[in-house]
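Q: In order, the protein sequence lines correspond to chains A and B. For the first sequence, the working numbering gives the first residue as 111, with consecutive numbering after it. For the second sequence, the working numbering gives the first residue as -15, with consecutive numbering after it. Structure below; questions to follow.
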Amino acid sequence: MKARVHVMLKNGVLDPQGEAVRHALGAMGFDQVEGVRQGKVIDLELADGATEADVTQMCEKLLANTVIERYEIELV
Amino acid sequence: MRAAVIVFPGSNCDRDLAVAFEQAGFQVDMVWHKDAALPEGVDIVGVPGGFSYGDYLRCGAIAAQSPICKAVIDHTERGGYAVGICNGFQILTETGILPGALLRNAGLKYICKTVGLKVQTSDSAFTQGYNAGDEIGVPIAHHDGNYFADDATLSTLRDQDRIAFTYTENPNGSVGDIAGILSENRRVLGMMPHPERAADQGHGGTDGTALFRALSGVLAPA
């Protein structure tokens, strides 16, 4: 089984890297971009028997810092 | 008086922190991150600056899961003293010992320079060598020093007088200009600036000396 974890800064937490990307896109003439948020994608290769609950534990304990980040788990 | 300085792969201020402790009269043990226990009789743990585990995933995230950090958490839960500087502050927030988190600097650049700090409280073992309102010069050297905490946490920090230092000119976007905070029992300090780099005439400034001297005053055997 594989799991894909998306980690994003929570709404309301300043994302200076996303802002820099937005500025760059604007400078390139992509005027249609109103906001950019940059996050991380983490792919996990899991042994048989692993559950989504296991991945949730991994997110809570290490993969995301829930003070500033939220995460979504996608099982593939 | 004994201090333990934790050494992670990628720590680079461990020696400087040990020297600052020694100059204030502490006997210092360097403790490797794979050790599961602190030496007997340690009065204060120093978590030094650097780039533990290459700052992979998030600054301090992997260090916070190392065996020694469990011992550091136990030490602080028993009421033991600890100070985390720069990467050490990031590690203490990742362990949950201190609230909040350190984000990428608002200007996206790594900043290395001496900045002005305002001492916000003299009510702690770390800051009682200063007067509240004092301005001191201490170097910063970080890419991820932008302190963030939600509004509820910030008002708790303010209500409990737990903001130790603020920047006189905010270099990194930290909420409330916060440069360093205290734990609820005031025995754990986390700060981004480096007082151990302002603790010797050769450093170009000695404004950090009072922090280590005050600690030795509190922790010296009666």
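We put the beta carbon where it would ideally sit given N, CA and C, even for glycine.
(1) By DSSP's criteria, B/T150 is part of a beta bridge. Which residues make up the other side?
(2) Would you report the Cα separation of B/R62 and B/G100, rounded to the nearest angstrom?
(3) Can you have a look at A/M118 and say buried or exposed, based on whether 16 or more other CB atoms are within 10 angstroms of its CB?
(4) Could you give the DSSP three-state label for B/V12: helix, strand or coil?
(5) Which term fits B/N156, buried or exposed, when burial requires 16 or more other beta carbons within 10 angstroms of its beta carbon?
(6) So A/L173 is in the alpha helix (DSSP H); what residue range does that whole segment cover?
(7) Taking C-beta pairs closer than 8 Å, name the residues in chain A that B/G157 reaches, listed in chain order.
(8) A/V177 touches chain B at which residues, Cβ-Cβ below 7 Å?
(9) Should B/R146 be flagged as near chain A, meaning a C-beta pair shorter than 7 Å?
(10) So, at 6 Å on beta carbons, what are the nonlocal neighbours of A/A174 in its own chain, with the 5 sequence-adjacent residues on each side left out?
(11) Is B/A198 helix, strand or coil by DSSP?
(12) How would you list, in chain order, the residues of chain A whose beta-carbon sits under 8 Å from the beta-carbon of B/R181?
(13) Taking the alpha carbon of B/V26 as the point to measure from, which residue in B/L173, B/L92 and B/H59 has its own alpha carbon closest?
(14) Starting from A/D153, follow the beta strand (DSSP E) in both directions and report where the run begins and ends.
(15) What does A/L185 pair with, by DSSP beta-bridge criteria?
(16) Quick one: Cα of B/G188 to Cα of A/D141, how far?
(17) Applying the 10 Å Cβ sphere with the 16-neighbour rule, what's the burial state of A/H133?
(18) Grab me the residues of A/T166's own chain with a C-beta within less than 8 Å of its C-beta, minus the 5 sequence neighbours each way, in chain order.
(19) Output, in sequence order along the chain, the residues in the stretch 33 to 61 of chain B whose CB is closer than 9 Å to any CB in chain A.
(20) Quickly, what does DSSP pair A/M193 with across the bridge? List them, please.
A: Once the coordinates are examined:
(1) Bridge pairing for B/T150: B/K102 and B/I162 [DSSP].
(2) 34 Å
(3) buried
(4) strand
(5) Burial state of B/N156 is buried, judged by a 10 Å Cβ sphere holding 16 or more other Cβ atoms.
(6) Per DSSP, A/L173 belongs to no alpha helix (DSSP H) and is neither H nor E.
(7) L124 and P126
(8) Ordered by position in chain B, the residues that pass the 7 Å Cβ test against A/V177 are G84 and A85.
(9) no
(10) V117 and Y181
(11) helix
(12) What B/R181 touches in chain A: nothing, since even the nearest Cβ is about 25 Å away.
(13) B/H59
(14) K150 to E155
(15) A/A113
(16) 48 Å
(17) exposed
(18) I183
(19) L41, R42, A45, I46, A48 and Q49
(20) Residue coverage of chain A in this structure runs from 111 to 186, which leaves residue 193 of chain A outside it and unanswerable.
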